[in-house]
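Chains as they are written, first to last, in the numbering used here: chain A, 534 to 745; chain B, 534 to 745. Virtual Cβ for every residue (Gly too), placed ideally from N, Cα, C. Report on the structure given below.
2 protein chains.
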Amino acid sequence: MFDLYVVTDKGLSKGRTDAETARLAYEGGADAVQLRMKNADGAEMLAQAREIAAIAAEMDRFFFVDDRVDVAIASGADGVHLGQSDIPVEVARELMGTDAIIGVSVQTVEQAIRAQENGADYLGVGSIFTTSTKPDAVQAIGLGPVFEIRQAVDIPVVAIGGINRGNIQDVIRAGADSAAVVSAVVAQDDPRAAAHELRDLILKVRPHVPVD
Amino acid sequence: MFDLYVVTDKGLSKGRTDAETARLAYEGGADAVQLRMKNADGAEMLAQAREIAAIAAEMDRFFFVDDRVDVAIASGADGVHLGQSDIPVEVARELMGTDAIIGVSVQTVEQAIRAQENGADYLGVGSIFTTSTKPDAVQAIGLGPVFEIRQAVDIPVVAIGGINRGNIQDVIRAGADSAAVVSAVVAQDDPRAAAHELRDLILKVRPHVPVD
Chain A
534 MFDLYVVTDK GLSKGRTDAE TARLAYEGGA DAVQLRMKNA DGAEMLAQAR EIAAIAAEMD
594 RFFFVDDRVD VAIASGADGV HLGQSDIPVE VARELMGTDA IIGVSVQTVE QAIRAQENGA
654 DYLGVGSIFT TSTKPDAVQA IGLGPVFEIR QAVDIPVVAI GGINRGNIQD VIRAGADSAA
714 VVSAVVAQDD PRAAAHELRD LILKVRPHVP VD
Chain B
534 MFDLYVVTDK GLSKGRTDAE TARLAYEGGA DAVQLRMKNA DGAEMLAQAR EIAAIAAEMD
594 RFFFVDDRVD VAIASGADGV HLGQSDIPVE VARELMGTDA IIGVSVQTVE QAIRAQENGA
654 DYLGVGSIFT TSTKPDAVQA IGLGPVFEIR QAVDIPVVAI GGINRGNIQD VIRAGADSAA
714 VVSAVVAQDD PRAAAHELRD LILKVRPHVP VD
């Protein structure tokens, strides 16, 4: 479903807006961007979401909004990404309809199976490695659960958490369909080049029809 | 539209959940409750919202959710209350439909007129007095704007911010259709009695057909 999935973090983005970072990530070859703005006001998040949705539509890429189903719908995003403490996936599905793509963060096989049963379209699995970009993330789970979850469900598995150029191929080899990164793209001086390199690293270990 | 409008604040509620506080407020005579949970996760907010929506339906009172349109829709609330930095009222209207009741916080006549033009069903005007319960509130505006805004718009004006038993009648005399309180109900040992007293004080200066 995805190759490289990029999650925004304004605080790491060297003064760029999330929409500016998203454009650079897409230009570098990311096929999905998730707008994550913890504690942002609705108006500010909606403004960024609408900018990114327009870019994603223009470039034919995926765009997801973290947590806020209302912002996802109002911005025209492809879907929403939900954590274990966000609105349940089945509630989001009712609000968004069958065409929306809903991702769910999971840490265990049990959570993965439940998310799939409740209608998730893909899973975010992690944090794989220790990361400082998601302060509320649980302890790193390592690569073992990626493989176990990949065996247990049919929907795509996107590994996330502490992934960078040095370990991204390990993540794909462990069974992840895709890798999601935060600082490895958004905190770089050249997010476009960083995304391009990371996507190439993924495709080298998992040959895949490019999206563009 | 409303007599006494109560806004929740879990941190002030002496160990009660927001749903427990809401029930006591309704029992005391509040005809509207707004669930405000700044920085709460979606699942937690939705759970509280569903509890309060059930109580409000049972008692035939109004229930609003602060900020989160998705939680408002999913919980079956009557509507949503939006600040100036939340999702715009016209976007919320598109998501919620014509039957939803949408309130907007305003501080000035200009904001009040714009909110009405954009489809707001009522206005929250404040903070009237200095208050510690809404850390991000702008400076207290006093009673003058209540009167000015009341003259400038047709929709109900709910005054909010630092309102208590000592000043609630001044607020109604200044032209507010209703008064919203936070700590004057939710932080009390007996929120039911506090709501009852505050509603009586309102009705004494503004005779009104009781809701129950």
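In terms of Cα proximity to A/V719, the closest of A/T541, A/D733, A/G675, A/I588 is A/T541. By the beta-carbon neighbour count (other beta carbons within 10 angstroms, threshold 16), B/T664 is buried. Pairing B/V613 with B/L568 gives a Cβ-Cβ distance that is not under 7 Å.
DSSP places B/L736 inside the alpha helix (DSSP H), whose first and last residues are 724 to 738. Going by DSSP, B/Q581 is part of no beta strand (DSSP E) but of the alpha helix (DSSP H) stretching over 575 to 592. Under the DSSP assignment, B/F595 falls outside any alpha helix (DSSP H), being part of the beta strand (DSSP E) whose first and last residues are 595 to 599. Assigned with DSSP and collapsed to three states, B/Q672 falls in coil, not helix or strand.
For B/G657, the uninterrupted beta strand (DSSP E) run begins and ends at 655 to 659, by DSSP.
Contact between A/G694 and A/S716 is absent: CB atoms are separated by about 11 Å, not below the 8 Å threshold.
The segment 557 to 575 of chain A makes contact with the segment 588 to 608 of chain A; the number of CB pairs closer than 8 Å reaches 3 or more. When DSSP states are grouped into helix, strand and coil, B/I688 belongs to the coil group.
Residues of the segment 571 to 593 of chain B with a C-beta less than 8 Å from any C-beta of chain A: N572, D574, G575, A576, E577, L579, listed in chain order. A straight-line Cα-Cα distance of about 34 Å links A/M592 and B/A573.
When beta bridges are read from the DSSP output, B/L615 appears opposite B/V637.
Nearest in C-alpha terms to A/S618, of all of B/E584, B/G657, B/A576, B/V642, is B/A576. Distance between B/A645 and A/K547, taken at the CA atoms: about 37 Å.
The beta-carbon of B/S618 is placed less than 7 Å from the nearest beta-carbon of chain A. In this chain, the beta strand (DSSP E) harbouring B/Q567 covers 565 to 568. DSSP places B/I620 outside both helix and strand once states are collapsed to three, so it counts as coil.
Assignment of B/I682 by DSSP, reduced to helix, strand and coil, places it in the helix class. For A/V686, same chain residues with a beta-carbon under 6 Å away, outside a window of 5 residues either side, are A645, Q649 in chain order.
Under the three-state reduction of DSSP output, B/V714 falls in the strand class.
Distance from the CA atom of B/H729 to the CA atom of B/R626, rounded to whole angstroms, is 33 Å. Residues of chain B whose Cβ lies closer than 7 Å to the Cβ of A/I606 are, in chain order, L628. Inclusion of A/V637 and A/V658 in the CB contact set at 7 Å is not warranted, their separation being larger than that value. Under the Cβ distance rule, A/D603 counts among the residues neighbouring chain B, one pair being separated by less than 7 Å.
At a cut-off of 7 Å between beta carbons, B/V624 contacts chain A. Against B/D600, the close residues of chain A are G575, in the order they occur along the chain (beta-carbon pairs closer than 7 Å). With distances taken between CA atoms, A/T641 lies nearest to A/G677 out of A/A653, A/G677, A/I634.
In this chain, the beta strand (DSSP E) harbouring B/L537 covers 537 to 540.
Burial of B/D603 is indicated by the presence of at least 16 other C-beta atoms within 10 angstroms of its C-beta.
Within 7 Å of the CB of A/P621, the CB atoms of chain B belong to A576, in sequence order along the chain. A distance below 6 Å between beta-carbons, with the five flanking residues on each side excluded, links A/L628 to the following residues of its chain, in chain order: V602. Going by DSSP, B/T554 is part of the alpha helix (DSSP H) stretching over 551 to 561. A distance below 7 Å between beta-carbons, with the five flanking residues on each side excluded, links A/R549 to no residue of its chain.
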